[in-house]
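Notes follow the structure.
Chains as they are written, first to last, in the numbering used here: chain A, 56 to 172; chain B, 9 to 648.
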C-alpha cells in the first residue's frame, strides 16, 4: 500500500512516515501542495495525508486539482480546528478529518489502516 | 328889585302862572280869598316866601295859613313901612336861600343822575364780562374735562396687559355716544394671516383668516370692500363703521417691519354726531396704538420666549446657562428636574469645587466654544460650553452648557475596544497556535514513534517520555489560550468551575510569580452552564487584579465549593483591601483607581455583567487582618 504525506512540517512527515513504514506501508513525502499534487498524479498513492495550510497550494486546492481522477483515500489534517471539521472535509472530497495536534500518532495510523481495509 | 302891585287876588293869580317872584305879599282884606291865593302861590312859586298882612287874625286862620300855604310871616295891620321892609328883607333872604338851595339841589340831582347812568353802564360792562368769563370758564372746564378723560384713558390703557382689557376700556368709553357697536381689532404681523380680536356675544374672541385685504392708511368710513371682508369673516352684516389705522411701531420692529393693525367701530351715528366721535377717536388713536402695540409686542415676546423655553425643555440633554462664578442663571427642565439650582457643580455634580474636565473656564477665557468630559454618579457627560456674547466686543460672562450623556456610547466604545482587543489576541493566538501546533504535533508524534522503538528500561525511554509530556502540556496551554481568546459568540456549555480555573491559572504564571498560590477546588462533578472563555476572562481579571493589589509578596487563595445548589468561586488576596468609599463604586463602569492609561475601569463592571448573564452574582468583602475577597456565585446546572 502506498501512502503520500503532504505537510510542510518536517516533524509531522517524519513521525507519520516512520510510524507507517513500521506498519509496512510504502511512504512518500511532499513538502508542500505543489509537490504533493505532482507526486499524487505520478505515483498514484492509495492513501494521502493532506495538511490544510501550506505554502503554495493548500490542501483543499490540491483536492480540487486532483478532482475525481484519483481513487486514493484522503485524510485531511488541520491545526486550525475552527475552520474545518469532518463535514467540510468530506464535502471537499476527503474521507477523514484529523485535527492537529494529535494525541497519539498510533491512533492515527490505526485510522489509516481501518480506512484502507 | 321890581315890585308889582295887584289890587285883587284874581288879578295876581294870573300873574303867578306867568312870572317868577322872589316873595309874595298879600294884604288880607276879608274872607278866605287871601288864603286861597296863598295856597295857589305856594303851588306855583314854592320858593317865594309868602307874607300875609291882616288887621285881625284868628288862631284858626294862622293855623290854616301855616298848614295849607306855609305862610312865612303873619303881620298885623297897621304897621310901619320899616317893619314891612324888614319883613320883606327877611323874606327875600329866605327866598334867595331857597333859590340857592334849589339850585344846589338841581345840581346834585343832575350829578346824581349822571352817577346813576355811569353805574348803570358799569353794571352792564360787569355783567358782560361776567358772562364772558363764565363762558370761557365753561369752555375751559369742558376742555379740562376732556383732557382729564383722555389722561384717565391713557392711564387706564397703560396698566392693561391684554387686548381684552384694552378693548374693554375703549368699549366702555364708547358707550357715552350710544348707538355704538363693539370695537373689532384686526392685525397682521407679516405672513398671510389676519387676526381679529372682537367681542362675540359679549365674549372676547380671537379669530383669524388667510384672506388678504388692504388696511386703510388713514382714519375713515371704510370702503365697501373692507366692510365686505369684515362681514364675510364674522358672518353678519356690518352696516356702518369707522376704521382707524393703528401704528405698531415696536411690534413691527420686532417682526421685521410688517406689523399693521386697524380698529373698526360699528356705529349708527348721524352726520351731526359723527364730528365729536371723530374728535374723540383722533384724541385716542395714538394712546390706543401705543397700548395695543405694547401688548402685541408683549404677546409676541412671551410667545417667543415660551417657544424658546419649550424648545429647550424638549431637548434630551440637560442645558444650563452658567455665569462666571458657575451660578446657574437659567436651565431647561431636564436640568432642573434632576438638580436644584445653585452653582452648577453643586447642583449637577454635588461637588464642592468645579468638576474635573469642566470646559467653562476655558470657554469664558477664549470666548470660543469648548467641550470637556465630566463624571457624575458613574455617568460620563460630554459638556459643550458655548460662550454667550450679549454685547459685541465684550468678554462673555455667561456660557450655555449642554450636558450630553455619553456613558452608553463610551461604554459601547470601550467594550468594542475590549472586544477588538480580544479579537486581535484571538487572531494572534490562532496564528501562533497554528504555527506552534504543527511542530508540536510532529514533535509529540515523533517522540511517540521513538518511544515505541526505544528499549523501555533505558534512560532514553525516560527522556523521551518527558519530552512527550512537555509537548502534551504545551499543546494544552495553546488550546487554553485559543479558548480564552475566542470571540464573544461562543455557545454556553456545561463545565465545572474547577476546570475553568485549571485552564486559566497557567496563563497567570507571570502575574503570580511573586506570590504564593493556594488552590482548593472542591466542585469536581458539579456543573455550571456558562461560556467558558468568558468565565475564564472574569477569573483571569480577578486574579490579575488581586496580584496587582498585593504590592508585597502575598498569598492568593482560589477556592471553589458547593453551597445549596450554587457553586462558589472565591478569590482572596492578602493585599491592603479596598477602602469603603471605593468599595461602593467598584462595579461602576469606568471606575478605576489605576493610573490614567493603566486600565479602562471596565474590568469589574464587565465581570459583573458577564456573571449576571450566567444567572449568578459577584460580590466583594474585605478580610482580616488585611486583604480582599471576591466571591462569584453561579447556579449549579447539570446536563439533562
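All C-beta atoms in this analysis are idealised placements derived from N, C-alpha and C, irrespective of residue type, glycine included.
- Looking at the DSSP output, residue 171 (chain B) shares a beta bridge with no other residue.
- Boundaries of the alpha helix (DSSP H) harbouring residue 52 (chain B): 41-52, taken from the DSSP string.
- Distance from the Cα of residue 15 (chain B) is smallest, within the candidate group B:30, B:28, B:34, for B:34.
- Assignment of beta-bridge partners to residue 570 (chain B) by DSSP yields B:575.
- In this model, residue 374 (chain B) and residue 328 (chain B) are separated by some 19 angstroms (Cα to Cα).
- For residue 108 (chain A), the chain B residues whose C-beta falls within less than 9 angstroms of its own C-beta are 442, 446, listed in chain order.
- Counting every other CB atom within 10 Å of its CB across the protein chains shown gives residue 260 (chain B) a total of 16 or more, marking it as buried.
- In this structure the region 301-321 of chain B does not lie against the region 208-222 of chain B, because fewer than three pairs of beta carbons, one per stretch, are closer than 8 angstroms.
- Counting along the chain, residue 55 (chain B) sits inside no alpha helix (DSSP H), nor does DSSP assign it H or E at all.
- The three-state secondary structure of residue 189 (chain B), taken from DSSP, is strand.
- Residue pairing of residue 524 (chain B) in beta bridges, as defined by DSSP: B:563.
- About 17 angstroms separates the beta carbons of residue 450 (chain B) and residue 131 (chain A), which is beyond the 8 angstroms limit, so they are not a contact pair.
- B:178 is the residue among B:154, B:51, B:178 whose C-alpha sits nearest the C-alpha of residue 165 (chain B).
- Listed along chain A, no residue sits closer than 7 angstroms to residue 416 (chain B) by beta-carbon distance, the nearest being about 32 angstroms off.
- Close partners of residue 74 (chain A) in chain B (Cβ separation under 7 angstroms): 457.
- In this chain, the alpha helix (DSSP H) harbouring residue 353 (chain B) covers 352-355.
- In the DSSP annotation of this structure, the continuous segment of the beta strand (DSSP E) that includes residue 337 (chain B) starts and ends at 336-339.
- DSSP places residue 123 (chain B) inside the alpha helix (DSSP H), whose first and last residues are 89-166.
- Under the DSSP assignment, residue 219 (chain B) falls outside any alpha helix (DSSP H); it carries neither an H nor an E label.
- According to DSSP, residue pairing for residue 211 (chain B) in a beta bridge involves B:208.
- Any Cβ of chain A closer than 7 angstroms to the Cβ of residue 545 (chain B) would place that residue at the interface, and such an atom is absent.
- For residue 155 (chain A), the chain B residues whose C-beta falls within less than 8 angstroms of its own C-beta are 445, 446, 449, listed in chain order.
- Residue 192 (chain B) and residue 269 (chain B) have their alpha carbons spaced roughly 11 angstroms apart.
- Counted as a single uninterrupted DSSP element, the beta strand (DSSP E) harbouring residue 152 (chain A) occupies residues 151-154.
- The beta carbons of residue 267 (chain B) and residue 372 (chain B) sit no closer together than 7 angstroms.
- According to the DSSP assignment, residue 275 (chain B) belongs to the beta strand (DSSP E) that extends over 267-275.
- Contacts between residue 64 (chain A) and chain B, judged by CB atoms closer than 8 angstroms, involve 446, 447, 449, 450 in chain order.
- Residue 525 (chain B) is a Cβ neighbour of residue 564 (chain B), given a cutoff of 7 angstroms.
- Judged by their CB atoms, residue 531 (chain B) and residue 566 (chain B) are not nearer to each other than the 7 angstroms cut-off.
- Looking at A:159, A:168, A:60, the one whose alpha-carbon comes closest to that of residue 104 (chain A) is A:60.
- Among the CB atoms of chain B, one or more fall inside 7 angstroms of the CB of residue 134 (chain A).
- Contact between residue 538 (chain B) and residue 503 (chain B) holds: their C-beta atoms lie close to 7 angstroms from each other, under 8 angstroms.
- DSSP places residue 311 (chain B) in the helix class (H, G or I) of the three-state scheme.
- Note on residue 181 (chain B): 16 or more other CB atoms within 10 angstroms of its CB, so buried under the neighbour-count rule.
- Taken in chain order, the members of the region 477-491 of chain B whose beta-carbon sits within less than 7 angstroms of a beta-carbon on chain A are 483.
- For a Cβ distance threshold of 8 angstroms, residue set 456, 460 of chain B lies close to residue 161 (chain A), ordered along the chain.
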